[in-house]
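Student: Handing you this structure, nothing more for now.
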Amino acid sequence: MTETLPPRTADLPAKWNPGEVEGGMYQRWVDAGYFEADAGSARPPFCVVIPPPNVTGSLHIGHAFEHTLIDILVRRRRMQGYEALWLPGTDHASIAVHALVERALAAEGTSRRELGREAFIERTWEWKAEHGGAILAQMRRLGDSVDWSRERFTMDEGLNRAVVTIFKRLFDDGLIYRAERMVNWSPEMRSVLSDVEVEHRDVEGELVSICYGDGPDAVVVATTRVETMLGDTAVAVHPDDERYAHLLGHEIELPLVGRMIRVIADEHVDPGFGTGAVKVTPAHDPNDFEIGRRHDLPMPTMMDETGKIAGTGTEFDGMDRFEARVAVREALRAQGRIVAEKRPYLHSVGHSSRGKHEPIEPRLSLQWFVKVGPLAQAAGDAVRDGRVAVHPPELEPRWFGWVDNMHDWCISRQLWWGHRIPVWYGPAGEVVCLGPDDDPPAGWTQDEDVLDTWFSSGLWPFSTLGWPERTADLAKFYPTSVLVTGYDILFFWVARMMMFGLYAMDGEKPFPTIALHGMVRDQFGKKMSKTVGNTVDPATWMDAYGTDSLRFALARVANPGTDAPIGEDAVQAARNFGTKLWNATRFAVSNGASPALALPAQPTDADAWILGRLREVREQTDALLEDYQFAKATEGLYHFAWDEFCSWYIELAKPQLADGSTADGTRAVLGHVLDALLRMLHPVTPFITEALWQGLTGGASVVVAPWPVDAGAPTDPVASAQVTALQKLTTEIRRFRTEQRVPDSRRIAARLVGLDGAGLGEQRAAIASLVRLDEPGDDFAPTATLEVALAGGTVHVELDISGSIDVAAERARLGRDLAAAQKERDQADRKLGTPKFVEKAPADVVDGIRARQESAAGDIERITARLTALPSA
RNA sequence: GGGCGCGUAGCUCAGCGGGAGAGCACUCGGUUUACACCCGAGCGGUCGCAGGUUCGAACCCUGCCGCGCCCACCA
């Protein structure tokens with residue numbers, strides 16, 4: 024802690040104005056150095072890895088969600104005395120920046136191709152300088168406590184160094200190789216994509232059956248991609264398929280092209296599907312490629328990198344693939360070779376998950392691959408043997424399913440940006456991989472391709488800490504403490520970090536826990552989508568209700584691994600909670616509450632009860648947050664604050680404050696409970712708790728206040744029982760008043776008989792205050808009686824409500840109560856009447872039922888008596 | 001085709017072996033000196049369907065029906 028903030032001196036304003044509270048507070052914290060790592064201290068490290076903010080201009084609700092959760096963890100750890108930091112990502116951000124710069128260039132009528140690589144990269148730096156600050160400002164407004172001052176918001180030299188280092192290591196270990204393989208090709212991007220970047224979607228296409236060959240050699244094959252027939256080199260049938268046995272070994276003529284192709288037998292063919300014969304296009308279909316390899320077929324490419332037909336020597340050359348699909352089909356029809364067509368034909372087609380989401384094209388291509396076998400095995404084993412926990416555990420099968428069946432990872436991309444592959448080619452065909460400090464021989468040229476963005480992102484947990492240098496940060500913060508992210512990028516990002524972390528860091532995992540959250544959905548649980556129009560900009564909610572409200576609402580629905588539905592209603596409810604907290608604190612402060620006061624030596628029942636509850640809630644909150652149960656932790660604090668502290672304790676505190684013998688103790692209890700509550704809420708709602716906590720305690724900042732560990736007191740069962748009884752009595756009297764239409768504002772005279780017997784002798788004033796009763800005067804003439812059965816005894820309430828009571832309403836009320844009591848007794852009777860229940864059920868359960876039976880029987884007797892005593896209607 | 005999960009109050013969801021819960025919505029009453037962004041009271045559910053295990057099932061097992069997501073090369 025380098026400085027101290029000036030204590031807040033102004034009184035709390037009457038109204039909570041989120042904008043005012045938030046204004047400049049983040050900067051105050053930063054200026055005061057609260058977020059700086061405290062070098063040289065012995066504080067334990069806590070480190071979280073996060074993906075970068077979306078750089079497309081505005082804060083995305085998904086980012087707001089994830090940042091909120093991570094911020095909650097980090098703030099709590101800081102309060103607990105950890106040296107906590109998170110490692111903000113920048114790599115994806117850089118990629119996004121490149122895309123934005125491209126767009127800007129297009130608007131200027133130029134392109135990256137014209138500009139050239141060097142000038143293009145220069146432009147991206149300019150863009151970052153201009154817009155990077157705005158993005159950071161957005162993140163800060165969200166209230167995150169990330170240490171942006173580390174200036175990791177660049178794709179810097181250090182990362183380049185890490186990328187080249189690990190590439191070379193993998194290359195030297197034989198885990199990176201170059202090969203001609205069937206890859207997912209994006210004609211739009213003119214680049215290859217990895218398997219995970221391909222989304223399979225059902226589309227309505229066509230299934231066209233074509234007759235190949237003539238006369239006795241005729242065979243019908245079906246396809247959804249007619250144009251690929253230009254690249255066919257065989258027709259395959261199942262080896263045992265007798266229908267085609269006579270054709271095996273024959274050559275038939277490929278229509279339109281005129282080439283002779285073989286008829287071959289391959290196990291892959293399903294004789295039950297279609298005609299049982301398949302056209303084989305080895306260069307443009309993964310299955311056909313395998314068949315081609317087995318049968319040593321020629322593999323002619325019939326499409327160029329932009330998706331145009333090329334090199335077939337037919338009239339179709341130069342046509343776009345979709346154009347050619349129609350043209351080829353019609354040319355075949357003209358020859359009478361179309362024997363059947365099914366349209367629409369629903370089938371699954373791979374689409375690019377990036378850019379324009381166009382259909383990808385399987386294509387034979389020379390690319391760089393990572394041999395993932397041993398890496399994926401290690402990543403799977405780390406979870407299998409418990410070194411890394413997947414949270415929640417239900418998502419483990421998903422992890423294994425992926426990691427245990429992983430195909431080799433295609434890492435080269437034919438893009439203009441990104442980290443270039445550090446492989447150089449010599450004039451005589453030499454190939455060499457160079458490390459970061461190696462210089463290429465003169466005249467050699469570097470591979471033109473760049474690396475998949477997830478290659479560099481996979482290094483995040485250690486490249487951001489200075490690896491490959493053995494820095495102090497690396498020693499202290501690796502392995503990091505937890506990875507918090509959405510289940511949707513388990514395969515993209517998490518798997519890569521695991522593989523690279525285990526590999527580069529000598530088998531040491533990058534994080535011991537993978538805490539997965541779900542996706543933010545709209546208030547009806549629907550996926551947010553631009554086309555549906557149900558997306559929300561978190562900034563509009565922050566403007567309307569404040570950042571704290573947004574954070575609270577998000578945290579409150581964050582169940583592990585589960586999607587989080589959120590609507591404006593939820594944010595509004597969170598805002599209402601903030602207001603409640605504000606007003607409660609204002610009440611406490613204006614009544615002299617302070618945590619600096621000594622707790623009373625002889626607490627009242629209410630004091631003892633709320634202090635006991637505080638301790639329970641604190642323990643529960645700790646347990647839940649340690650388990651990443653943000654929703655339940657937040658919900659628990661919400662109910663404690665609103666339903667217990669505000670609705671009951673503050674109301675009970677009012678008469679206590681008016682009584683000289685309990686006033687000081689009450690001020691102390693109010694101060695202690697509120698102090699702990701505000702500190703526990705601070706990670707979720709940093710801004711409002713800061714203002715309130717400073718107002719309550721006069722402390723410098725709740726950011727650096729210790730996390731509550733000893734707040735509260737052991738539960739006092741007697742006091743708790745008293746308060747429970749008090750609550751029941753209060754509710755019953757209120758209910759009676761409501762049903763007899765006595766306005767809350769009207770005080771009525773009442774005599775409470777049996778309070779001492781019920782153990783509530785001390786609570787007379789509290790009850791009178793809660794239900795607005797006056798002591799009976801000389802002219803007391805009760806017109807109504809109420810009996811309330813409590814654990815300690817029955818209390819008779821005699822009320823003077825000046826006039827006759829509403830008999831019908833009272834009869835209806837008693838009738839409902841009677842029905843409930845009878846149902847209760849019947850249930851208990853049935854259970855206790857079952858010999859096996861009494862025999863086999865645990866004694867405490869049986870006793871519980873017995874107690875319920877007795878209590879219900881008593882209720883029935885009392886209510887029945889009341890009913891008969893009522894004047895007839 | 002394989003995997004994971006879900007069907008509980010009008011909506012969104014907790015609960016996951018012993019008395020059906022929350023938020024929002026709804027009804028009624030209320031200017032009580034923290035708070036109408038509030039207070040008080042209330043209405044509302046054969047816990048998807050059918051079997052089974054158990055003294056006891058929303059909760060465990062089986063089957064069915066209806067959804068969601070992920071993975072998968074069926075032309």
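Read in order, the letters of the first sequence correspond to residues 24 to 896 in the working numbering. Every residue, glycine too, gets a C-beta built ideally from N, C-alpha and C.
To the nearest whole angstrom, what separates the beta carbons of A567 and C669, a pair I think is in contact under 8 Å?
Tutor: Mapped onto the first sequence, residue 567 falls at position 544. Mapped onto the first sequence, residue 669 falls at position 646. The pair is not a contact, with the Cβ atoms about 24 Å apart (cut-off 8 Å).
Student: Can you tell me where the beta strand (DSSP E) holding Q103 begins and where it ends?
Tutor: On the first sequence, residue 103 is found 80 positions in, with the first residue counted as 1. No beta strand (DSSP E) contains Q103, which DSSP labels as neither H nor E.
Student: For N207, does the count of other Cβ atoms within 10 angstroms reach 16, so buried, or fall short, so exposed?
Tutor: By one-based count along the first sequence, residue 207 stands at place 184. The residue in question, N207, is buried, as its Cβ has 16 or more Cβ neighbours within 10 Å.
Student: Hey, would you say M326 sits closer than 8 Å to G315, going by beta carbons?
Tutor: On the first sequence, position 303 is the one that residue 326 refers to. On the first sequence, position 292 is the one that residue 315 refers to. The answer is no: Cβ separation not under 8 Å.
Student: In three-state DSSP terms, what is F176?
Tutor: Within the first sequence, residue 176 is the residue found at index 153, counting from 1. Legend: pLDDT at F176 = 41, less than 50; position of this residue unreliable, value from coordinates given subsequently. F176: coil per DSSP, three-state reduction.
Student: If you follow the alpha helix (DSSP H) that R366 is in, where does it begin and where does it stop?
Tutor: Taking the first residue of the first sequence as position 1, residue 366 is located at position 343. Counting along the chain, R366 falls outside any alpha helix (DSSP H), though it belongs to the beta strand (DSSP E) covering 361-375.
Student: Output the residue ranges of the alpha helix (DSSP H) runs that lie fully inside the segment 300-329 and measure 4 residues or longer, sorted by chain position.
Tutor: 309-318
Student: Run through DSSP, which three-state label would L901 get?
Tutor: Here the chain has residues from 24 to 896 only, and residue 901 is not among them.
Student: Which class does D289 belong to by DSSP, given the choice of helix, strand or coil?
Tutor: Residue numbering aside, residue 289 sits at position 266 when the first sequence is read from its first letter. In this structure, D289 counts as coil in the three-state DSSP scheme.
Student: Could you check what DSSP says for K863 in three-state terms: helix, strand or coil?
Tutor: By 1-based counting over the first sequence, the position of residue 863 is 840. Here K863 sits in helix by DSSP.
Student: Under 7 Å Cβ to Cβ from G881, same chain only, skipping five residues before and after it: list those, please.
Tutor: Counted from its first residue, the first sequence places residue 881 at position 858. Excluding residues within five positions, the ones whose Cβ falls inside 7 Å are A812.
Student: Since P894 contacts V830 with CB under 8 Å, what's their CB separation in whole angstroms?
Tutor: Residue mapping note: residue 894 aligns to position 871 of the first sequence, counting from 1. Residue mapping note: residue 830 aligns to position 807 of the first sequence, counting from 1. Contact holds; Cβ gap of about 6 Å.
Student: With a CB to CB cut of under 7 Å and the five nearest residues on each side skipped, what residues in its chain are close to I824?
Tutor: Numbered from its first residue, the first sequence carries residue 824 at position 801. The residues are Q763, V765, I771, T806, A807.
Student: Please state if the CB of I73 and the CB of I233 are separated by a distance shorter than 8 Å.
Tutor: The residue labelled residue 233 in the question sits at position 210 within the first sequence. The residue labelled residue 73 in the question sits at position 50 within the first sequence. In this structure, I233 lies away from I73, with their beta-carbon atoms at least 8 Å apart.
Student: By the 10 Å Cβ neighbour count, where 16 or more other Cβ atoms means buried, how is F575 classified, buried or exposed?
Tutor: For this step, residue 575 is matched to residue 552 along the first sequence. The residue in question, F575, is buried, as its Cβ has 16 or more Cβ neighbours within 10 Å.
Student: Could you check the C-alpha separation between D236 and I284 for me, to the nearest Å?
Tutor: The residue you call residue 236 lines up with position 213 of the first sequence. The residue you call residue 284 lines up with position 261 of the first sequence. Correcting the residue identity first, residue 236 is Gly in this sequence and not Asp. When rounded, the distance between both Cα atoms is 10 Å.
Student: Skipping 5 residues on each side, what residues in its chain have a beta carbon closer than 6 Å to that of D308?
Tutor: Within the first sequence, numbered from 1, the residue matching residue 308 stands at position 285. Around D308, the same chain offers P385 as residues with beta carbons nearer than 6 Å, after the five sequence neighbours per side are excluded.
Student: Using the Cβ count rule (16 or more neighbours within 10 Å means buried), how would you classify T563?
Tutor: The residue labelled residue 563 in the question sits at position 540 within the first sequence. Label assigned to T563: exposed.
Student: Starting from R421, trace the alpha helix (DSSP H) both ways and give me its first and last residue.
Tutor: In the first sequence, counting from the first residue as 1, residue 421 sits at position 398. Unbroken alpha helix (DSSP H) run through R421: 419-426.
Student: Can you tell which of T188, P415, D340, W425 has its C-alpha closest to the C-alpha of L253?
Tutor: Here residue 253 refers to the residue found at position 230 when the first sequence is read from its first residue. Looking at the Cα atoms, D340 is the closest of the given residues.
Student: Within its chain, find whatever has a CB closer than 7 Å to the CB of R366; leave out the 5 residues flanking it on each side and keep chain order.
Tutor: The count along the first sequence starts at 1 and reaches residue 366 at position 343. The answer, listed in chain order, is E229.
Student: Compute the Euclidean distance between the alpha carbons of R201 and I332, then round it to the nearest angstrom.
Tutor: Position 178 of the first sequence holds residue 201. Position 309 of the first sequence holds residue 332. The C-alpha of R201 lies about 26 Å from the C-alpha of I332.
Student: Using the C-alpha atoms, what's the distance from V868 back to A744?
Tutor: Position 721 of the first sequence, counted from the start, is the residue given in the question as residue 744. Position 845 of the first sequence, counted from the start, is the residue given in the question as residue 868. The straight-line gap from Cα to Cα measures roughly 20 Å.
Student: Helix, strand or coil: how does DSSP classify Q786 here?
Tutor: One-based indexing of the first sequence puts residue 786 at position 763. In the structure shown, Q786 sits in a helix (DSSP, three-state: H, G or I).
Student: Tell me whether N899 sits in a helix, a strand or coil according to DSSP, three-state version.
Tutor: Since the first residue of the chain shown is 24 and the last is 896, residue 899 is not available in this structure.
Student: Out of curiosity, what's the CA-to-CA distance linking P709 and D431?
Tutor: Along the first sequence, read from residue 1 onward, the residue named residue 709 stands at position 686. Along the first sequence, read from residue 1 onward, the residue named residue 431 stands at position 408. Computed Cα separation, rounded: 45 Å.
Student: Can you give me the C-alpha to C-alpha distance between Y526 and L387, rounded to a whole angstrom?
Tutor: Walking along the first sequence from the start, residue 526 turns up at place 503. Walking along the first sequence from the start, residue 387 turns up at place 364. Our two residues, Y526 and L387, have alpha carbons roughly 30 Å apart in a direct line.
Student: Determine the DSSP secondary structure at T817, reduced to helix, strand or coil.
Tutor: Taking the first sequence and counting its residues from 1, one reaches residue 817 at position 794. In the structure shown, T817 sits in a strand (DSSP, three-state: E or B).
Student: For L389, which of L620, S214, A611 has the nearest alpha-carbon?
Tutor: By 1-based counting over the first sequence, the position of residue 389 is 366. With distances taken between Cα atoms, L389 lies closest to S214.
Student: Please tell me whether V372 and A399 are closer than 8 Å, where the distance is taken between their beta carbons.
Tutor: Taking the first sequence and counting its residues from 1, one reaches residue 372 at position 349. Taking the first sequence and counting its residues from 1, one reaches residue 399 at position 376. Against a cut-off of 8 Å, the Cβ pair of A399 and V372 comes out as no contact.
Student: Output the boundary residues of the beta strand (DSSP E) element that contains E384.
Tutor: For the purposes of this step, residue 384 is taken as residue 361 along the first sequence, with counting starting at 1. 384-393 is the extent of the beta strand (DSSP E) around E384.
Student: Can you tell me the Cα-Cα spacing of S552 and T558, whole angstroms?
Tutor: Here the question's residue 552 lines up with position 529 in the first sequence. Here the question's residue 558 lines up with position 535 in the first sequence. Between S552 and T558, the C-alpha separation is close to 6 Å.
Student: Hey, out of T753, V473, Q437, L539, whose CA is closest to V186's CA?
Tutor: On the first sequence, position 163 is the one that residue 186 refers to. Nearest C-alpha to V186: V473.
Student: Kindly indicate which residue of E274, A268, V280 has the alpha-carbon position closest to the one of P294.
Tutor: Residue numbering aside, residue 294 sits at position 271 when the first sequence is read from its first letter. The shortest C-alpha separation from P294 is found at A268.
Student: Classify E713 as buried or exposed, calling it buried when 16 or more other Cβ atoms lie within 10 Å of its own Cβ.
Tutor: The sequence position of residue 713 within the first sequence is 690, counting from 1. Per the 10 Å Cβ criterion, buried.
Student: Within 10 angstroms of its Cβ, does K38 collect 16 or more other Cβ (buried), or is it exposed?
Tutor: For the purposes of this step, residue 38 is identified with residue 15 of the first sequence, where counting begins at 1. With fewer than 16 other Cβ atoms within 10 Å, it is exposed.
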